[in-house]
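J.:
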Amino acid sequence: MSKAHHTLEHRRKLTLFGLLLPPSAFLAVFFLGPLAIMIVYSWLTPGLYGGVEWKFFHLNYGRILGWADTKYERFDPVYFEIFLRSVKLAATTVLLSLILCYPVAFWVSRMPEKRKNLVIFLITLPFFISLIVRLFAWVLILRPTGFFNQALMGLGLIDEPLEIIFTGTAVVIGMVYVFVPFMFLPLYASIEKLDLSLIEASQDLGANRLQTFFRVILPMTLPGIVGGSIIVFIPSLGNFIVPSLLGGAKVVMIGNLIEQQFLSARNWPFGAALGMMVMAAVLVLLLYYIRIVTREDRRSGAAKVAEEVAA
Amino acid sequence: MQGILRIENASKSFQAPEGGVIRALDNVSLTVAHNEFLTLLGPSGCGKTTLLRAVSGFEDLDSGEIYIDGEPVSDQPAHKRPVNTVFQRYALFPHLTVERNVAYSLEVRGIAKTEIRERVGNMLELVGLAGMGARKIGQLSGGQQQRVALARSLVARPKILLLDEPLSALDKNLRHKMQQELKTLQHELGISFIFVTHDQEEALVMSDRIAVLNGGTIQQLDAPEELYRRPGNEFVARFIGESNLLDATVVSVEGESCDVVLADGTVIRDCPVNGLKRGDPAKVLIRPENLVESIGQSNPDERAGHQISGTVSQSFFAGTDYHLVLACKGLPPVRASLRAGPGTSHHTIGEQTSLFVPHDAVHLIPGQGAPA
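Each protein sequence line maps, in turn, to chains A and B. Here our numbering is used: the first residue of the first sequence is 1, the next is one more, and so on. Here our numbering is used: the first residue of the second sequence is 312, the next is one more, and so on.
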């Protein structure tokens with residue numbers, strides 16, 4: 001009997017291994033490989049006419065973080081400023097899409113099943129159209145003679161068209177537009193799970209709406225808030241399409257800078273070093289998230305054990 | 312009667328999902344006394360939960376008014392009403408510890424930390440959870456969660472505690488234990504409890520009075536014994552306890568007692584008249600446990616006609632009792648529970664037997680009764 005168990009176990013392991021092999025191999029070749037190249041390149045000397053020299057070189061990071069002080073490679077605070085500006089833009093995107101999505105997710109979660117599915121479909125609908133096309137649509141909407149300004153002037157609210165296109169505002173609008181579905185879905189998932197009787201219990205115990213929100217609703221939906229925020233923050237930190245299409249050349253973000261280093265300046269090592277910076281920021285954020293999530297897991301794990309003991 | 316809770320002509324209708332209107336409450340009036348354990352009993356959809364939610368403030372009435380301690384509360388939102396609820400699935404906050412769950416109603420009222428700690432400690436001790444304060448809700452068994460829910464809704468000393476089928480999720484033994492504990496707790500605290508259940512046995516065990524609801528109206532509001540012995544209509548008779556309801560006609564009335572004849576010709580003499588007149592149709596309620604094999608020679612009920620005869624169609628032994636079903640000519644199947652004592656023996660299926668109906672154990676329900 002123990003032998004049968006052994007072979008069963010063995011076969012299960014084999015199946016699992018077989019199922020996991022293709023995606024693992026794929027990730028290793030197309031994700032870990034390029035990542036390793038980036039890490040190595042970021043510590044190499046940039047060649048004079050593009051390309052790299054295989055010599056250890058720490059000034060790629062020095063230019064960003066402050067110790068480069070040679071004739072060719074100088075520290076310039078502008079890189080750090082761009083990085084901070086990007087962090088600020090990503091944070092603004094997170095915050096605005098959160099404020100936008102939270103009430104909507106509540107509203108949708110209380111809809112009848114059929115309408116719910118329709119609304120979720122509508123929210124994911126933009127994914128079916130190319131991002132570039134959708135962003136050019138925004139150019140048409142926001143430009144001085146575009147729909148937005150025409151409408152406002154038609155209503156007599158403004159006399160002159162507002163300067164929106166190719167400004168930071170346009171970039172923020174575009175970013176929020178692009179990332180709202182990413183915020184909505186995890187938020188919706190956690191709000192939908194929220195047990196309405198908990199809200200009633202809170203009111204029954206004497207808590208007003210505000211107290212109920214901060215003491216019950218917010219903590220219960222926190223995993224969705226944190227999850228959505230991270231899913232929006234990470235890609236918006238590195239996003240370069242929105243700033244280049246809606247921000248004109250005026251708004252440079254870290255994503256644009258990296259793109260330039262690789263494609264126009266042909267300084268791969270420096271571009272790689274900038275990329276590593278972004279990745280470091282993201283990793284810190286992810287570790288924080290994992291800590292929150294595993295804390296939740298440990299709690300529910302203990303709960304399961306207790307239930308089994310009680311039963 | 313100026314009780315702690317007075318409900319006057321409460322009506323409430325819902326739009327049914329498949330169209331049409333459901334009358335959840337139809338002109339319900341009810342008064343609950345101070346320190347009373349009142350149960351709202353009825354099948355699902357009878358309006359008992361709607362009535363409870365109207366009192367707690369989660370359901371508006373279409374018409375009528377609710378007074379708590381003399382104050383009309385229709386304008387008060389749920390969080391301002393001096394009542395607390397134990398919810399069916401407890402609705403404990405999973406992100407808070409036992410202690411913080413119990414402290415919730417005190418925290419939102421801004422009561423001092425030291426006082427909260429003291430009151431929560433006392434409350435946890437009262438419900439038998441002393442020392443469990445630091446646990447998470449998920450670490451508790453069903454019975455323990457039940458106690459936390461109870462402690463949480465009692466800690467703010469509400470004027471009325473509402474309980475929405477709180478024992479339905481517990482297994483049988485635990486449920487019986489909690490029934491006794493709840494009753495004791497209510498007695499000790501002196502708070503009025505309004506308890507919603509569909510379990511008639513539970514209602515009988517715990518309540519001072521029971522309001523039987525069906526179709527949005529109160530069918531009868533009485534003490535458990537009264538409800539069981541003298542149900543006001545056929546619905547109550549069928550809903551509470553086991554019952555044999557036999558069609559009969561009143562053949563003679565003499566003061567407070569009357570004689571009735573059953574459909575098969577059996578005559579039962581000297582029944583409590585219950586307002587009936589000669590010739591009136593009635594339902595005769597005979598509880599299965601009141602039928603006996605023999606009453607003794609000297610008893611006047613052993614006269615001819617005072618017995619039901621038939622063929623045993625079902626028979627089984629259930630520890631304290633033998634349960635029989637008797638197929639009689641002209642009557643619906645008659646159920647009987649015979650006390651399993653030294654004198655009684657097992658009846659075999661197909662056997663012919665007669666059971667006596669003691670005249671004082673009979674209750675007459677006027678008319679054909681409401682269709683059940």
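In this text, a Cβ means the ideal position worked out from N, Cα and C, and glycines have one as well.
What separation, rounded to the nearest whole angstrom, lies between the Cα atoms of B/Arg598 and B/Leu649?
T.: Cα to Cα, the separation comes out at about 11 angstroms.
J.: Exposed or buried, what is A/Thr93 when buried is set at 16 or more other beta-carbons lying within 10 Å of its beta-carbon?
T.: So A/Thr93 ends up on the buried side.
J.: On a Cα-Cα basis, can you pick out the residue from B/Val547, B/Asn544, B/Gly586 and B/Ile619 that is closest to B/Val561?
T.: Minimum Cα distance to B/Val561 is reached at B/Gly586.
J.: By DSSP's criteria, B/Asp632 is part of a beta bridge. Which residues make up the other side?
T.: B/Asp632 is bridged to B/Arg650.
J.: Alpha carbon to alpha carbon, what distance is there between A/Val172 and A/Ile231?
T.: A/Ile231 and A/Val172: Cα-Cα distance of roughly 17 angstroms.
J.: A/Leu44: which of A/Ser264, A/Phe106, A/Arg110 and A/His58 sits nearest, CA to CA?
T.: The shortest Cα separation from A/Leu44 among A/Ser264, A/Phe106, A/Arg110 and A/His58 belongs to A/His58.
J.: Assign A/Phe240 to one of three DSSP states: helix, strand, or coil.
T.: The answer is coil: DSSP assigns A/Phe240 none of H, G, I, E or B.
J.: By how many angstroms is the C-alpha of A/Leu122 removed from the C-alpha of A/Ile82?
T.: Taking the straight line joining both Cα atoms gives about 35 angstroms.
J.: With which residues is A/Arg329 paired in a DSSP beta bridge?
T.: Because chain A here runs from 1 to 311, residue 329 of chain A falls outside it and cannot be looked at.
J.: How close, in whole Å, do the beta carbons of B/Lys359 and B/Leu524 come, if the pair is a contact with beta carbons under 8 angstroms?
T.: About 5 angstroms separates the two Cβ atoms, so the contact holds.
J.: When the cut-off is 8 angstroms and only beta carbons count, does B/Ala681 lie next to chain A?
T.: Residue placement at B/Ala681 cannot be trusted, given a pLDDT of 39 that sits under 50; what the coordinates show is reported in the next sentence. Not closer than 8 angstroms to any Cβ of chain A, the Cβ of B/Ala681 fails to qualify, so no.
J.: Just verifying my parser: in three-state terms, what is the DSSP assignment at B/Ala681?
T.: Here B/Ala681 scores only 39 on pLDDT, less than 50, and its place in the model is too uncertain to base an answer on.
J.: For A/Leu142 and B/Ser355, what's the separation of their Cα atoms in angstroms?
T.: Looking at the two C-alpha atoms, the distance is approximately 58 angstroms.
J.: When the cut-off is 8 angstroms and only beta carbons count, does A/Val40 lie next to chain B?
T.: It does not; no Cβ of chain B falls within 8 angstroms.
J.: If you run the structure through DSSP and keep just helix, strand and coil, what is A/Leu44?
T.: In this structure, A/Leu44 counts as strand in the three-state DSSP scheme.
J.: Checking contacts by CB at 8 angstroms: is A/Ser197 closer than that to chain B?
T.: Interface residue, yes.
J.: Identify the contact partners of B/Ala467 in chain A, using a Cβ-Cβ distance below 9 angstroms as the criterion.
T.: By Cβ distance, chain A contributes Leu205 and Gly206.
J.: Would a C-beta distance cut-off of 8 angstroms place A/Leu98 and A/Gly228 closer than the cut-off?
T.: Yes.
J.: Over the uninterrupted beta strand (DSSP E) stretch that includes B/Pro583, give me the two end residues.
T.: Looking at the DSSP string, the run of the beta strand (DSSP E) that includes B/Pro583 is Val578 to Pro583.
J.: Quick one: which chain A residues come within Cβ less than 7 angstroms of B/Phe398?
T.: Ser197 and Ala201, listed in chain order.
J.: Please work out which residues of its chain come closer than 7 angstroms, Cβ to Cβ, to A/Ile158, disregarding the five sequence neighbours upstream and downstream, and give them in chain order.
T.: Excluding residues within five positions, the ones whose Cβ falls inside 7 angstroms are Leu152.
J.: Please name the residue, chosen from B/His670, B/Ala647 and B/Gly678, that lies closest to B/Asp558 on a Cα-to-Cα basis.
T.: For the residues B/His670, B/Ala647 and B/Gly678, the minimum Cα distance to B/Asp558 belongs to B/Gly678.
J.: What are the residues of the stretch 360 to 379 of chain B that lie near chain A, defined by any Cβ-Cβ distance shorter than 7 angstroms?
T.: Residues Ser367 and Phe369.
J.: Answer with buried or exposed for A/Trp268, where buried requires no fewer than 16 other C-beta atoms within 10 angstroms of its C-beta.
T.: So A/Trp268 counts as buried.
J.: To which residues does DSSP link B/Cys569 through a beta bridge?
T.: Beta-bridge pairing links B/Cys569 to B/Val564 and B/Cys582.
J.: Considering only residues of the same chain and omitting the five flanking positions on each side of B/Ala683, which have a CB-CB separation below 7 angstroms?
T.: Its pLDDT being 36, under 50, B/Ala683 is placed unreliably by the model, and nothing is read from it.
J.: Using the rule of at least 16 other Cβ atoms within 10 Å of the residue's Cβ for burial, across every protein chain shown, is B/Lys391 buried or exposed?
T.: It counts as exposed.
J.: Is it right to say A/Tyr315 is buried, meaning 16 or more other beta carbons lie within 10 angstroms of its own, or is it exposed?
T.: What the structure shows of chain A is the stretch from 1 to 311, and residue 315 of chain A is not part of that stretch, so it cannot be assessed.
J.: Quick check on the burial criterion: 16 or more other C-beta atoms within 10 angstroms. Buried or exposed for B/Lys447?
T.: Under this definition B/Lys447 is a buried residue.
J.: For B/Lys594, which three-state DSSP category applies?
T.: Three-state DSSP puts B/Lys594 in a strand.
J.: Can you list, in chain order, the residues of the stretch 414 to 433 of chain B whose Cβ is nearer than 7 angstroms to any Cβ on chain A?
T.: Listed by position along the chain: Tyr415, Ser416, Val419 and Arg420.
J.: Please identify the residue among A/Val252, A/Leu287 and A/Leu286 whose C-alpha is closest to the C-alpha of A/Ser86.
T.: Nearest option by C-alpha distance: A/Val252.
J.: Cβ of A/Val52 less than 8 angstroms from any chain B Cβ?
T.: It does not: the Cβ of A/Val52 has no partner Cβ on chain B nearer than 8 angstroms.
J.: Unbroken alpha helix (DSSP H) runs of length 4 or more, entirely within the stretch 438 to 478 of chain B: which are they?
T.: Counting only runs of 4 or more, we get 453 to 465.
J.: Classify A/Ala249 as helix, strand or coil using the three-state DSSP reduction.
T.: Three-state DSSP puts A/Ala249 in coil, outside helix and strand.
J.: With 8 angstroms set as the bound, which would you pick, yes or no: does the beta-carbon of A/Val78 sit closer than that to a beta-carbon of chain B?
T.: It does not; no Cβ of chain B falls within 8 angstroms.
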